[in-house]
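K.L.:
Attaching a single structure in structure tokens format; questions to follow.
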Amino acid sequence: MTQQARPNILLIAPVLDSLLDRLSSAFEVHRLYEQDEPLAWLAAEGTRVQAVVTRGDVGISNAVLEQLPQIGLIAIFGVGTDAVDLDYARKANIAVTITSGVLTNDVADMAMGLLLSGARRLCLGDRFVREGQWLRQAPALGTQVSGKRVGIVGMGNIGRAIAQRATAFDMSVSYISCTPKPELPYTRCGDIYTLARENDFLIVAASGGAANRGLIDASVLEAMPAHAWLVNIARGTLVDENALIQALQRKAIAGAALDVFEEEPHVPEALIALDNVILQPHVGSATAETRQKMSDVVFANVDAFFKGRPLPNAV
Ligand code: 8YV
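Using the working numbering, the first residue of the sequence shown is number 2, and each one after it goes up by one.
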């Protein structure tokens, strides 16, 4: 096959080098994020693009999609589809794939890690030792995790994996979800307020998108007990960040452990200034093993698309 005959794919944001190399060996890869004038590039070259690869947290805007009239696939590196307009894609006959199945455990591990770090003051303890404070005073007490109550917002694959881990810590698990899950041994709450009120830890594991935007708002935070922690490994947009900052400042809740934010990578100074928060740079799925598996899944979907085969991970 000559260079010119190779299918054209557009990369919206950087991915793992190994995935970029693999894609480049099979396809003509254009990197939108490296274009000095992305809009001019799209106007000149957009008609050549047949497939797009993007990240879950980045997605693709409709304005960009409109410049890609030949596109038949959006392959997402991640499981979140909230940054892609699925209605637009459906109407335009564009398939969308995700990296389902491979990142569940890592994200659930991160949720438990955040919960433990917050309750057991791991980051503060680390600072305490490094700053030599231990030589002068006794460390503050944390909050017990084992045997406590955890409420999970969203009972999809990640929610279930979190529940499994919480069960191993002898925690009682309750949840809210769009659909009943009678097969699960956990308590389904009728509403988010009851879930917030009756738990010691509230973990957000639901999908992002318009329907869930601001789900954890001031009134939900108000319903949480003052000793409770909020953990978010889903999307920053699910939590009203200003309301959260106020709740944390007033100590209306004990703390928040967050892997995701409303305007990543920008984290409000007001959050950074607080001691009762744990902040992570959206790394729930960021292990070498999982990112490699995600890369393999993305490649398999792009490859299947160009070979005219069924897409393994279509949404
Ligand atoms: C990734 C994610 O961090 O799966 C998702 O939707 O947000 C994460 O797994 C992201 O897509 C890669 O940057």
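All C-beta atoms in this analysis are idealised placements derived from N, C-alpha and C, irrespective of residue type, glycine included.
None of the values given here were measured: they were computed from a predicted structure.
Assign Q68 to buried or exposed, taking buried as 16 or more other Cβ atoms, counted over all protein chains shown, within 10 Å of its Cβ.
P.N.:
Burial call: buried.
K.L.:
Identify every residue that forms a DSSP beta bridge with V154.
P.N.:
Note: V154 sits in a beta bridge opposite I177, V205.
K.L.:
Out of curiosity, what's the CA-to-CA distance linking A227 and Y194?
P.N.:
About 14 Å.
K.L.:
What is the residue span of the alpha helix (DSSP H) that E270 lies within?
P.N.:
Note, E270: alpha helix (DSSP H), 270-273.
K.L.:
Apart from the five residues just before and just after A229, which ones in its own chain have a Cβ nearer than 7 Å to its Cβ?
P.N.:
Within the same chain, A229 has close Cβ partners N200, D201, F202, L203, I254, A255.
K.L.:
Would you report the Cα separation of I159 and T98, rounded to the nearest angstrom?
P.N.:
If I take the Cα positions, the gap works out to 18 Å.
K.L.:
Residues near the ligand 8YV, CB to any non-hydrogen atom under 5 Å, in chain order?
P.N.:
Taken from the N-terminal end onward, the list reads R56, G57, D58, G79, V80, G81, S286.
K.L.:
On the criterion of 16 or more Cβ atoms from any shown chain inside 10 Å, does L20 qualify as buried, or is it exposed?
P.N.:
L20 comes out buried.
K.L.:
Roughly how many angstroms separate the alpha carbons of F129 and Q293, rounded to a whole number?
P.N.:
Looking at the two C-alpha atoms, the distance is approximately 36 Å.
K.L.:
Just checking my contact of G57 with G79 at CB under 8 Å: how many whole Å lie between their CB atoms?
P.N.:
About 2 Å; that satisfies the 8 Å criterion.
K.L.:
Do the region 70-90 and the region 31-46 meet, that is, are 3 or more Cβ pairs less than 8 Å apart?
P.N.:
Cβ pair count under 8 Å is below three, so no.
K.L.:
Within the same chain, show all residues whose beta-carbon is closer than 6 Å to that of L74, passing over the 5 residues directly before and after it, in chain order.
P.N.:
Cβ within range, chain order: A52, A96, F306.
K.L.:
Comparing C-alpha positions only, which one of A139, A164, W135, M156 sits nearest to K149?
P.N.:
For K149, the nearest C-alpha among the options comes from A164.
K.L.:
Can you list the beta strand (DSSP E) stretches of 3 or more residues lying completely in the region 193-264, in chain order?
P.N.:
The qualifying runs are 202-205, 230-233, 256-259.
K.L.:
May I ask which residues mark the beginning and end of the alpha helix (DSSP H) holding N106?
P.N.:
Note, N106: alpha helix (DSSP H), 105-120.
K.L.:
Straight-line CA distance for I234 to V284?
P.N.:
Whole-angstrom Cα-Cα distance: 9 Å.
K.L.:
Nearest by alpha-carbon distance to P8: which of D127, E38, Q71 is it?
P.N.:
If we check each option's Cα against that of P8, Q71 comes out closest.
K.L.:
Go ahead and pull the three-state DSSP assignment for N9.
P.N.:
Three-state result, N9: strand.
K.L.:
With a 10 Å radius around its C-beta and 16 neighbouring C-beta atoms as the bar for buried, classify S296 as buried or exposed.
P.N.:
Buried is the call here.
K.L.:
Here's the rule I'm using: 16 or more other beta-carbon atoms within 10 Å means buried, otherwise exposed. How should T100 be labelled?
P.N.:
Its Cβ being crowded by 16 or more others within 10 Å, T100 is buried.
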